Each structure stands twice: as structure tokens, then as C-alpha cells.
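What follows is one structure encoded as C-alpha cells, with my remarks underneath.
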Amino acid sequence: MRAVADTFGCYGRYGHQTAGARAARVFDHVVTWVMAIVLLLIGGLAGYSLWDSYQVVEGTDLTQYRPGGYGFGELLAMNPDVVAWLTVDNTGIDYPVVQGSDDFEYLDKDATGASSASGSLFLDSACDRNFTEPYEVIMGHHMVSHKMFGDLDLFLDQSFFDSNKSAKLYLPHETLELEVDAVLTENAYDQVIFGTPAEAGQVAEVVQKAESSAVHYRQGSLSSEVQIISLSTCSSNATDARTIVLCKVVDRYDEDNAGD
286 MRAVADTFGC YGRYGHQTAG ARAARVFDHV VTWVMAIVLL LIGGLAGYSL WDSYQVVEGT
346 DLTQYRPGGY GFGELLAMNP DVVAWLTVDN TGIDYPVVQG SDDFEYLDKD ATGASSASGS
406 LFLDSACDRN FTEPYEVIMG HHMVSHKMFG DLDLFLDQSF FDSNKSAKLY LPHETLELEV
466 DAVLTENAYD QVIFGTPAEA GQVAEVVQKA ESSAVHYRQG SLSSEVQIIS LSTCSSNATD
526 ARTIVLCKVV DRYDEDNAGD
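Below is the structure:
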């Protein structure tokens, strides 16, 4: 025989919910709302990620710093990690260069320090920010639609390589004129290309590698006596493959670029 109270289920004798039942219903409502909020947050984050990636592809992301974006002088004032501005003729490469505390910091941050899927062009953290070493490396993501370092691939084409070789690196108070002299595809762990800071004799090894295994190379353009700045990005050839463009410094002169 059931107890009298049991015949009323979760309600008491007079049809009112018991305290335990009310607490259970309140708990259920709280759990439901919490789950709904969590799902909304997840959806919002996923939506933002898709939007950010779309902005990168479409070219409306702030990381471009085209007219209407921040100038070099403004970025220097905003972020002490900004060290230079790189332009490569007849490509979409026209970006600020930063240097983080390590080589991961700016993979997903723009030059202002804000989160960005396209990251930034960044100088190897072991290199000299004043570009006084004989060999230095600048890295950046390989993006579509001519974004970031995606256009380094253009130099893999013989015709483009032959007819395009000028680039400039703007420092706050100096300008470096660069000449593109070789393009290679190498492993990301190659210590000749990616060994930093540069050791004695490393430039000679880089030149030797360019002469022996470059996809394209301007014969006689490089020697152990020149200063080389390497531009590196991911390659579609393999997970660890990198496309590297070797640039020789052909001139260096004082110029106030911090006000731009």
C-alpha cells in the first residue's frame, strides 16, 4: 500500500509543489540557461573566427595597413615591437615588421598587438632589430589573395623572378634597398637557412646552398661579403617545407621614416 503522500507525486496534499520539487525545477532551469549561454558563446566564437578568416582572404583586415590604416610612425608609437616596414615591388607585400619575445608571439597577432588570424611579418627573435647582422630572417604566413607572404610564390616563376628584383626595408631612421637574388624551397629545420643568430661563415654557407639548390638564382649576385635578409613562408610542397627568398642589401642610407 502506497503512503498517502506518495499519491500526490511531487505535489503535497493540497496540490502545491513540495520544496524539493521546486528546488529541482529551479536547478533544471539554471542548467538549461547555462547550457544555452555556453552554446551561444561557442557559436559566437566560431562566427568570429570565420569572419576574421574571411576578412583576411578578402583583404579588409587591418593587417594590410593600406591607405586608411595605420602608418609606420603611428605603429612605432603604438607598439615597441614594431621594427621595420617591408615592401617588395610588384607584389602585395607592403607590411610592417615586428619582433616578438619568441617566434610564436606574432603568429596570431597583428602589428598593433591585436588578435588576428593572419598574424604579422616578424623578424626572427634571435636577430638584431637594427638589421646590422650579416644574415637575418623575416617570416610570415602564406596567405591567399596576395596577402602577407603569399606573394613570395611569385618568385618561383622564372619569368617573374627574372623581371622583378627590387624591395625596400624601412627602419625608423634608415632605409635598406634590397635585391632579390635567389628563391629556394627548404625544410623548416634547415640550420643553414634558419640558424640564428648568424654565426661566422654562415653567409658563405647560405650562398653555397643558393648556388647548389635554388629554384632560381642570379648567378654571381651573392658572395660571403654581402649582407642577406631572408624572407620565409610556408610552402605547399610539404608540411615542413618553406619558400625562401634571399635578398641582398645593396644600399643603406639615413632617412627619417618614423613620421610616415
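Counted from 1, the sequence shown has number 415 at position 130 by this note's numbering; the numbering is strictly sequential.
Quick reminder that beta carbons are idealized off the backbone N, C-alpha and C, glycines included.
The structure presented is a predicted model; accordingly, all values stated were derived computationally and were not measured.
Rounded Cβ spacing between residue i and residue j (contact assumed at less than 8 angstroms)
| i | j | result |
| --- | --- | --- |
| residue 383 | residue 367 | 5 angstroms |
| residue 469 | residue 500 | 6 angstroms |
| residue 364 | residue 456 | The Cβ separation is near 15 angstroms, so there is no contact. |
| residue 533 | residue 466 | 5 angstroms |
| residue 440 | residue 511 | About 18 angstroms; that fails the 8 angstroms criterion. |
| residue 524 | residue 426 | The pair is not a contact, with the Cβ atoms about 15 angstroms apart (cut-off 8 angstroms). |
| residue 387 | residue 481 | The pair is not a contact, with the Cβ atoms about 12 angstroms apart (cut-off 8 angstroms). |
Check whether residue i and residue j have beta carbons under 8 angstroms apart
| i | j | result |
| --- | --- | --- |
| residue 478 | residue 488 | no |
| residue 371 | residue 406 | yes |
| residue 361 | residue 416 | no |
CA-to-CA distance, residue j to residue i, given in whole angstroms
| i | j | result |
| --- | --- | --- |
| residue 403 | residue 435 | 11 angstroms |
| residue 494 | residue 451 | 22 angstroms |
| residue 340 | residue 431 | Confidence is the limiting factor: at residue 340 the pLDDT is only 46, short of 50, which leaves the residue's position unreliable, though a coordinate-based value still follows. Going by the C-alpha atoms only, they are around 13 angstroms apart. |
| residue 385 | residue 310 | 52 angstroms |
| residue 459 | residue 520 | 31 angstroms |
| residue 381 | residue 423 | 11 angstroms |
| residue 346 | residue 379 | Annotation note: pLDDT 43 at residue 346 (below 50); position unreliable, no value reported. |
| residue 445 | residue 526 | 21 angstroms |
| residue 476 | residue 358 | 34 angstroms |
| residue 375 | residue 516 | 16 angstroms |
| residue 454 | residue 369 | 7 angstroms |
| residue 390 | residue 396 | 11 angstroms |
| residue 392 | residue 473 | 15 angstroms |
| residue 508 | residue 419 | 11 angstroms |
| residue 313 | residue 394 | 41 angstroms |
| residue 537 | residue 497 | 29 angstroms |
| residue 377 | residue 414 | 23 angstroms |
| residue 484 | residue 514 | 14 angstroms |
Residue i (DSSP reduced to helix, strand or coil)
| i | result |
| --- | --- |
| residue 422 | strand |
| residue 355 | coil |
| residue 498 | helix |
| residue 313 | helix |
| residue 321 | helix |
| residue 294 | Low local confidence applies: a pLDDT of 49 at residue 294 is under 50, so the model's placement there is unreliable, with the coordinate-based value given in what follows. Correct three-state label for residue 294: coil. |
Cutoff 8 angstroms: residue i Cβ touching any chain D Cβ
| i | result |
| --- | --- |
| residue 529 | The displayed structure is made up of one protein chain only, and chain D is not part of it. |
For the segment 425-455, list the beta strand (DSSP E) runs that are entirely contained and at least 3 residues long, ordered along the chain. List check, beta strand (DSSP E) in window: 451-455.
Can you give, in chain order, each stretch of the alpha helix (DSSP H) that sits fully within the segment 352-415 and has at least 4 residues? Taking only runs of at least 4 residues, the alpha helix (DSSP H) segments lying wholly in the segment 352-415 are 357-363.
Unbroken alpha helix (DSSP H) runs of length 4 or more, entirely within the segment 460-523: which are they? Those alpha helix (DSSP H) runs which fall completely within the segment 460-523 and span 4+ residues are 476-479 and 487-498.
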